[in-house]
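So the protein lines, in turn, are chains S and E. Read left to right, the first sequence gives residues 18 to 314 (our numbering). Read left to right, the second sequence gives residues 21 to 366 (our numbering). Ideal placement from N, C-alpha and C gives every residue a C-beta, glycine not left out. A quick write-up on the structure given underneath.
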Amino acid sequence: MTVGAGLFILVLIVAIATFLVWKAIPALRVAGFHFFSQKAWFPDAQPAKFGVAAIAFGTVLSSVVALILVVPVAIGAALTLTELAPRRLGTVGGYLVDVLAAVPSVVYGLWGVYFLVPRLIPMQRWLAVHASFIPLFQNKSNTFGRSVFAASAVLAIMILPIVAAISREVFRQVPQANREAALALGATRWETIRMAVLPPSRSGVAGAIMLGLGRALGETIAVALVLAATFNINLHILEPGGNTIAANIATKFGEAGSLGREALIASGLVLFAITLAVNMAARAVVYRSTRIAEGKV
Amino acid sequence: MAATLAPPAALQRRTLTRLQVGIVGAAAIGVTAVLFTVAQFQGVLDFILVAYLLYLVGQTGVSYAVEGARSAKNRLALTLLMSALFLALVPLVAVLWYTLQRGLQAISPGFFTHSMSGVGPLDSGGGAYHAIIGTLEQVLIASIISIPVGLLAAVYIVEYGRGRLAYWIRFFVDVMVGLPSIVAGLFIFAFWVLALHKGFSGFAAGMALAILMMPIVVRASEEMLKLVPDDLREASYALGIPRWRTIVSVVLPSASAGLTTGIILAVARVTGETAPLLLTAFGFDAIRTNPFSGPQSGLPLFVFNQAGSAFAVAVARAWTGALTLIAIVLLLTVVARLLTRRNRLV
């Protein structure tokens, strides 16, 4: 019976893949190879014209920007909790980070639209004026607000808990003797962190970052609320617009016809494939690093 | 004569006292204040940012002059690390505070006793009663499906699992924790609504939530079962008790507090899921208590739909809904944490 329950989970993953493929086939047959190169999304028009190029690009772009924003903060917070804070404070801080993880994504979305986006406008404007020599920060539209940058900021806040929590576990796995040895040699606390804590944690932290990436790629509701949906490939992250696969499913599902829904399933299949690959790679990396830490390899 | 025990002055490293660091901080704020009155600067955030940067420069400079390069680097790095923790907690406070503030503006008893049936887009009033009923039913269905399966799978991994199969099950449970919630919704839509022609319903939403909940239950239960000491198991075997009896009457009871914590946290996690509801429950404005037929609403879905409106009355309802949702989820989280304290295994 217990084996059955375990097998059920394996079967479930296979079933998810099977049903998504099965129900995506009609849409993929209509779109053909253009499904991967077409930017527009009009599956119910005559003739139907749709593809994941723009939304897949937006998914990856917003997640990568979110990672760049979150990684230093999450790792810094995790290091402070394990290496610097007194034990009690570390526990409390850990709880608070867990609470951050418990806040539902729809609340983050709502908060993002009404609190964060208006407050990010001055910062975005400043970047566009003073840092526009970097192509990423160019903004020719001169309007600011619901940009990929704003969506990435919300995503960054949402994936912070997972990156911080797993990094914290990884740093805890470093034997206390490593730290004591470094301190006994006269290293300062920063040197201890840099030379005794970070090197053995490197692959574990890489795994934590990839898990955060997986979460960011699949996040739906917050992005759907924050982004003003447009279907183009645009590297200028401060300009309003952009879209992601998940957000596109959420916003288009209600009004979609039968081919429209199958097209959305096909785009979901792409998302499933991407996140499955990222998550599997991340878990493999974390497994290897914890096994090394436990001395099994 | 304690003074004679101190090492000679030549061997002592000169270090900054807390007071001296505090003076650097005060100086940074002072200089910023002067800058803001003299030059064209404004804004609270800008003030904090400028003062912070000045403090970093000042602290590093003073420390470099007094304590040397290594200490200066150490101080700079530690300050940056602590700032990261602070920065990580800012959004938490901002989310909770702002949701509380906006949510309380439109809260009224009617919000919890009325549905959205017959409420026009510009009307105030209306409530989330139907959505709260929907969420309770959907989460209950998800729990009934996922908790037994999740617990059994965890028992398999910890108590029976050896070799390849156990490794792969564990691996894919971990991978499934990262399954995007919208994909779970799409799967149930493709399977239940499209392939089996069953239509949107609260039950479909419950199944989608169950898919998301199952791996969380497995992971949490697995951790707790691992904490049960092997001595307990061996003592039971020594009395001639078979393995399944040992698990049922020794292992599970001694891990029960931890298992409850894990399950409550999993419930809290799926209560806030919106994306799967969109594709499975679909949403419905009136009260529908039967989860097995016809579209139903859910609290997160209610918040999402109201938030998407252009009208202020709807957005106000969204905030009140968000506050209700946060209150439920945080209550569950706190209860789970309190149970952890009573857990003797931790």
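Rounded separation between residue i and residue j - CA only
i: Ile-202 of chain E; j: Asp-143 of chain E; result: 31 Å
i: Ile-266 of chain S; j: Ala-213 of chain S; result: 46 Å
i: Ala-228 of chain E; j: Met-18 of chain S; result: 23 Å
i: Val-134 of chain S; j: Asn-159 of chain S; result: 16 Å
i: Thr-37 of chain E; j: Arg-104 of chain S; result: 24 Å
i: Val-146 of chain S; j: Trp-39 of chain S; result: 49 Å
i: Tyr-187 of chain E; j: Ile-161 of chain E; result: 29 Å
i: Gly-146 of chain E; j: Arg-337 of chain E; result: 8 Å
i: Ala-118 of chain S; j: Val-88 of chain S; result: 16 Å
i: Asn-156 of chain S; j: Leu-255 of chain S; result: 6 Å
i: Leu-98 of chain E; j: Thr-76 of chain S; result: 34 Å
i: Val-303 of chain S; j: Arg-185 of chain S; result: 13 Å
i: Lys-313 of chain S; j: Leu-245 of chain E; result: Reliability fails at Lys-313 of chain S, whose pLDDT of 46 lies under 50, so the model's placement of it is uncertain and the value that follows must be treated cautiously. Approximately 21 Å between the Cα atoms of the pair.
i: Val-116 of chain S; j: Thr-353 of chain E; result: 8 Å
i: Phe-131 of chain E; j: Ala-280 of chain S; result: 38 Å
i: Ala-89 of chain E; j: Ala-327 of chain E; result: 53 Å
i: Val-51 of chain E; j: Leu-101 of chain S; result: 30 Å
i: Ile-179 of chain S; j: Gly-231 of chain S; result: 11 Å
i: Val-159 of chain E; j: Ser-166 of chain E; result: 10 Å
i: Leu-202 of chain S; j: Thr-155 of chain E; result: 58 Å
i: Gly-341 of chain E; j: Ala-295 of chain E; result: 16 Å
i: Leu-297 of chain E; j: Gly-303 of chain E; result: 8 Å
i: Ala-210 of chain E; j: Thr-292 of chain S; result: 19 Å
i: Val-195 of chain E; j: Met-297 of chain S; result: 6 Å
i: Val-31 of chain S; j: Phe-132 of chain S; result: 41 Å
i: Leu-276 of chain E; j: Ala-286 of chain E; result: One detail in the question is off: residue 276 of chain E reads as Ser in this sequence, not Leu. When rounded, the distance between both Cα atoms is 15 Å.
i: Arg-308 of chain E; j: Gly-222 of chain E; result: 9 Å
i: Val-323 of chain E; j: Val-123 of chain S; result: 7 Å
i: Gly-332 of chain S; j: Pro-200 of chain E; result: The question about residue 332 of chain S has no answer here: the residues shown for chain S are numbered 18 through 314.
i: Asp-250 of chain E; j: Val-238 of chain E; result: 20 Å
i: Glu-243 of chain E; j: Thr-281 of chain E; result: 11 Å
Bridge-paired residues (DSSP) for residue i
i: Trp-58 of chain S; result: S:Phe-67
i: Pro-257 of chain S; result: S:Ser-164
i: Ser-221 of chain E; result: E:Gly-314
i: Phe-302 of chain E; result: E:Gln-316
Cross-chain neighbours of residue i in chain E, by beta carbon under 8 Å
i: Thr-292 of chain S; result: Gly-198, Leu-199, Pro-200, Val-203
Delimiting residues of the alpha helix (DSSP H) encompassing residue i
i: Ala-39 of chain S; result: Going by the sequence as given, residue 39 of chain S is Trp instead of Ala. Trp-39 of chain S -> alpha helix (DSSP H) spans 19-48.
i: Val-287 of chain E; result: 276-291
i: Thr-52 of chain E; result: 38-58
i: His-150 of chain E; result: 149-175
i: Trp-212 of chain E; result: Careful: Trp-212 of chain E lies outside any alpha helix (DSSP H) and carries neither H nor E.
i: Ile-151 of chain S; result: Segment: none, Ile-151 of chain S is in no alpha helix (DSSP H) and carries neither H nor E.
i: Ser-220 of chain S; result: 215-235
i: Thr-340 of chain E; result: 332-361
i: Ser-122 of chain S; result: 122-128
i: Met-196 of chain E; result: 183-197
i: Ser-256 of chain E; result: 250-258
i: Ala-201 of chain S; result: 193-201
i: Met-102 of chain E; result: 89-125
Residue i, buried or exposed, once every other Cβ within 10 Å from all chains shown has been counted against 16
i: Gly-21 of chain S; result: exposed
i: Arg-361 of chain E; result: exposed
i: Lys-269 of chain S; result: buried
i: Glu-254 of chain E; result: exposed
i: Arg-33 of chain E; result: exposed
i: Gln-125 of chain E; result: exposed
i: Leu-172 of chain S; result: buried
i: Pro-311 of chain E; result: buried
i: Met-21 of chain E; result: Any reading at Met-21 of chain E needs caution, since the residue's pLDDT is 45, under 50, leaving its predicted position unreliable; the model's value is listed next. Label assigned to Met-21 of chain E: exposed.
Cross-chain neighbours of residue i in chain E, by beta carbon under 9 Å
i: Ser-122 of chain S; result: Ser-201, Gly-292, Glu-293, Thr-294, Ala-295, Pro-320
i: Met-46 of chain S; result: The sequence shown places Arg at residue 46 of chain S, not Met. Chain E residues near Arg-46 of chain S: none, gap ~16 Å exceeds 9 Å.
i: Phe-67 of chain S; result: Those within 9 Å of Phe-67 of chain S in chain E number zero; the least Cβ separation is about 16 Å.
Chain S residues whose Cβ lies nearer than 9 Å to that of residue i
i: Lys-93 of chain E; result: Thr-205, Trp-207, Glu-208
i: Ile-231 of chain E; result: Leu-29, Ile-33
i: Leu-350 of chain E; result: Val-116, Ala-119, Val-120
Contact set between residue i and chain E, taken where Cβ atoms lie within less than 7 Å
i: Ile-30 of chain S; result: Phe-192, Met-196
i: Gly-110 of chain S; result: Leu-105
i: Val-222 of chain S; result: The premise fails here: Val-222 of chain S is roughly 14 Å from chain E at the closest Cβ pair, so nothing lies under 7 Å.
Interface partners of residue i on chain S, CB under 8 Å
i: Arg-33 of chain E; result: Chain S residues near Arg-33 of chain E: none, gap ~11 Å exceeds 8 Å.
i: Thr-353 of chain E; result: Asp-115, Val-116, Ala-119
Residue i: CB within 7 Å of a non-hydrogen atom of the ligand ATP
i: Phe-67 of chain S; result: The ligand ATP is not part of this structure, which contains no ligands at all.
Chain B contact for residue i (CB, 8 Å cutoff)
i: Val-175 of chain E; result: Absent from the structure: chain B. Protein chains present are S and E.
Residue i: contacting residues in chain S (beta-carbon distance under 7 Å)
i: Val-323 of chain E; result: Val-123, Leu-127
i: Thr-119 of chain E; result: Val-124, Trp-128
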